[in-house]
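Data block below; observations after.
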Amino acid sequence: MHILVTGGAGYIGSHTCLELLNAGCTVTVVDNLLNSSRVAISRVEELCGKRINFIKLDLLDIDGLRQVFAQHLDVRAVIHFAGLKAVGESVEQPLRYYQNNLIGTLNLCQVMAEHRVKHIVFSSSATVYGTPETLPILENFPTSTTNPYGSTKLMIERILQDVHISDPGWQVVLLRYFNPVGAHPSGYIGEDPSGIPNNLMPYITQVAAGKLMELRVFGNDYPTVDGTGVRDYLHVVDLAKGHVRALEYTQKQPGVFIYNLGTGMGSSVLEMVHTFMEVNKINIPYRIDPRRPGDIAACYADPSLALRELGWKTEYGLREMCRDAWNWQKNNPDGYPEFE
Ligand code: NAD
Ligand code: UD1
Numbered sequence: 001m002h003i004l005v006t007g008g009a010g011y012i013g014s015h016t017c018l019e020l021l022n023a024g025c026t027v028t029v030v031d032n033l034l035n036s037s038r039v040a041i042s043r044v045e046e047l048c049g050k051r052i053n054f055i056k057l058d059l060l061d062i063d064g065l066r067q068v069f070a071q072h073l074d075v076r077a078v079i080h081f082a083g084l085k086a087v088g089e090s091v092e093q094p095l096r097y098y099q100n101n102l103i104g105t106l107n108l109c110q111v112m113a114e115h116r117v118k119h120i121v122f123s124s125s126a127t128v129y130g131t132p133e134t135l136p137i138l139e140n141f142p143t144s145t146t147n148p149y150g151s152t153k154l155m156i157e158r159i160l161q162d163v164h165i166s167d168p169g170w171q172v173v174l175l176r177y178f179n180p181v182g183a184h185p186s187g188y189i190g191e192d193p194s195g196i197p198n199n200l201m202p203y204i205t206q207v208a209a210g211k212l213m214e215l216r217v218f219g220n221d222y223p224t225v226d227g228t229g230v231r232d233y234l235h236v237v238d239l240a241k242g243h244v245r246a247l248e249y250t251q252k253q254p255g256v257f258i259y260n261l262g263t264g265m266g267s268s269v270l271e272m273v274h275t276f277m278e279v280n281k282i283n284i285p286y287r288i289d290p291r292r293p294g295d296i297a298a299c300y301a302d303p304s305l306a307l308r309e310l311g312w313k314t315e316y317g318l319r320e321m322c323r324d325a326w327n328w329q330k331n332n333p334d335g336y337p338e339f340e
């Protein structure tokens, strides 16, 4: 089956392309490389010995997108990763986030409809649950957002649901990721954040590498096991496999499908730091700082629907996440090279 992957050169996209190729799919990637490298694509190809059809294109270019679909008439489904994803930046540049994420998605759906490709898997986020009243989080919990990034996720979910209402022949899959971390165990592909990372794991690996002085732990007075924030971290390879399972399961049934993709287990910041130090035998200096505005105390999934319907559950634990994140960082201290 031929799958079009938008944002396929990015962190989660590249890992998913590898799993798609391993599952025997043909893969075309459309990415503007704004936050990624062409090298990620070559490395995926090397890892599995198969080719990816890469097209450098911005989803805002609807004519370019039309050409892609016209040239690849056998595309059966789209996995839609392309989007901007930095929460803080989205607060500073809301128009850019709405423009890129919403218009990009509208263009994509428009061209898909023109070509009667009606199967889409969308990268949503646990951020759509806002501040959950109880834990673990089920798919039917109320949704709300506190920043433009999160709002684009919720709006796109809504747009795709409306598309399905207008034409029930669509298969719409909304995957709500919890906190993806780690890298492929080969250390060949991984997360390559530009500038100083905002997220916990890439920050820890850069402290481990000596690129950053110390980790700032944002708050130790939350009502959690040790006072630090609790999240549901999942290995990016498990997450990538979730996309393949979701595509397979929804292949023949129209509808809107919403799944939490997480482990179902919460880990605190200090648990993560201590696991990283123990597994990799590296000290991570840290200090306690005030809470980060906008953070919630705890967030973890009930992933049982994905298990029941997709037969998907995570296989890797925190130790493997820490091992593989460090393995990637160690082997690629400056991320992907410009060329290879
Ligand atoms: P990423 O930035 O590594 O990948 C996104 C890719 O999309 C990049 O390669 C970027 O160049 C491309 N892109 C962005 N705008 C584009 C456009 N207009 N046209 C073409 N390409 C464009 O991010 P990621 O971590 O791999 O995330 C993938 C998706 O998953 C995003 O939609 C993100 O919001 C969502 N998500 C990520 C996380 C996370 O923690 N990483 C959590 C929840 C949801
Ligand atoms: C953040 C985003 C969320 C997005 C997700 C994945 C915010 C408020 N939320 O989630 O919308 O979907 O990333 O991209 O930005 N921490 C530290 N020190 C650090 C970094 C983080 O203590 O330097 C703590 C945080 O306070 C939190 C935990 O580590 O308790 C995880 O943080 P992070 O990796 O940024 O993910 P989220 O906040 O869950």
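Position 227 of the sequence shown, counting from 1, maps to 227 under my numbering, and the rest follow consecutively. Backbone N, C-alpha and C fix where the C-beta goes; we use that ideal spot for every residue, glycine too.
Could you tell me how far apart the beta carbons of residue i and residue j are, in whole angstroms, since I believe they sit closer than 8 Å?
| i | j | result |
| --- | --- | --- |
| Asn32 | Ile62 | Not confirmed; about 14 Å, so no contact. |
| His243 | Thr16 | 5 Å |
| Ile137 | Cys299 | 7 Å |
| Trp170 | Pro254 | 6 Å |
| Ile120 | Val75 | Contact doesn't hold; Cβ gap of about 11 Å is too wide. |
| Asn179 | Asp226 | At roughly 17 Å, the Cβ-Cβ gap does not stay under 8 Å, so Asn179 and Asp226 are not in contact. |
| Asn35 | Val91 | That belief does not hold up - the Cβ atoms of Asn35 and Val91 are roughly 18 Å apart, past 8 Å. |
| Leu175 | Phe218 | With a Cβ gap of about 27 Å, Leu175 and Phe218 do not count as contacting. |
What is the rounded straight-line gap between the Cα of residue i and the Cα of residue j?
| i | j | result |
| --- | --- | --- |
| Arg292 | Lys313 | 31 Å |
| Val68 | Thr228 | 47 Å |
| Asp334 | Thr205 | 12 Å |
| Gly294 | Ser268 | 17 Å |
| Ser42 | Tyr222 | 43 Å |
| Ala301 | Arg116 | 34 Å |
| Ser37 | Val29 | 12 Å |
| Tyr316 | Gly190 | 16 Å |
| Ala86 | Val230 | 20 Å |
| Leu200 | Leu73 | 41 Å |
| His164 | Glu157 | 11 Å |
| Pro168 | Asn332 | 46 Å |
| Asn101 | Val128 | 15 Å |
| Glu338 | Tyr249 | 38 Å |
| Val5 | Gly187 | 22 Å |
| Ala208 | Thr134 | 35 Å |
| Leu160 | Thr143 | 16 Å |
| Ile12 | Val236 | 7 Å |
| Gly24 | Pro185 | 20 Å |
For a test of your reading of the model: does the CB of residue i fall under 7 Å from any non-hydrogen atom of the ligand NAD? Yes or no.
| i | result |
| --- | --- |
| Phe218 | no |
| Pro180 | yes |
| Ser125 | yes |
| Tyr98 | no |
| Asp295 | no |
| Lys241 | no |
| Arg36 | According to the sequence as given, residue 36 is Ser; it is not Arg. The answer is yes for Ser36. |
| Val30 | yes |
| Gly64 | no |
| Ile12 | yes |
| Asp221 | no |
So is residue i in contact with chain D if we call contact Cβ pairs under 8 Å?
| i | result |
| --- | --- |
| Gly169 | Absent from the structure: chain D. Only one protein chain is present. |
Just curious, the alpha helix (DSSP H) that residue i is in, first and last residue?
| i | result |
| --- | --- |
| Ser166 | Pro148 to Ser166 |
| Ile365 | The structure shown does not extend to residue 365, since the chain is modelled only from 1 through 340, so no value can be given for it. |
| Leu20 | Tyr11 to Asn22 |
| Arg245 | Val236 to Thr250 |
| Lys330 | Leu318 to Asn331 |
| Pro94 | Pro94 to Tyr97 |
| Thr105 | Gly104 to Glu114 |
Do residue i and the ligand UD1 come close, with the Cβ less than 7 Å from some heavy atom?
| i | result |
| --- | --- |
| Cys299 | yes |
| Tyr129 | no |
| Tyr149 | yes |
| Val225 | no |
| Val5 | no |
| Gly262 | no |
Span of the beta strand (DSSP E) holding residue i?
| i | result |
| --- | --- |
| Thr26 | Thr26 to Asp31 |
Comparing the CB of residue i with every heavy atom of the ligand ADP, is any distance shorter than 7 Å?
| i | result |
| --- | --- |
| Tyr203 | What this structure holds is the ligand NAD and the ligand UD1, not the ligand ADP. |
Between the region 46 to 60 and the region 272 to 284, do three or more beta carbon pairs fall short of 8 Å?
Not touching, per the Cβ criterion.
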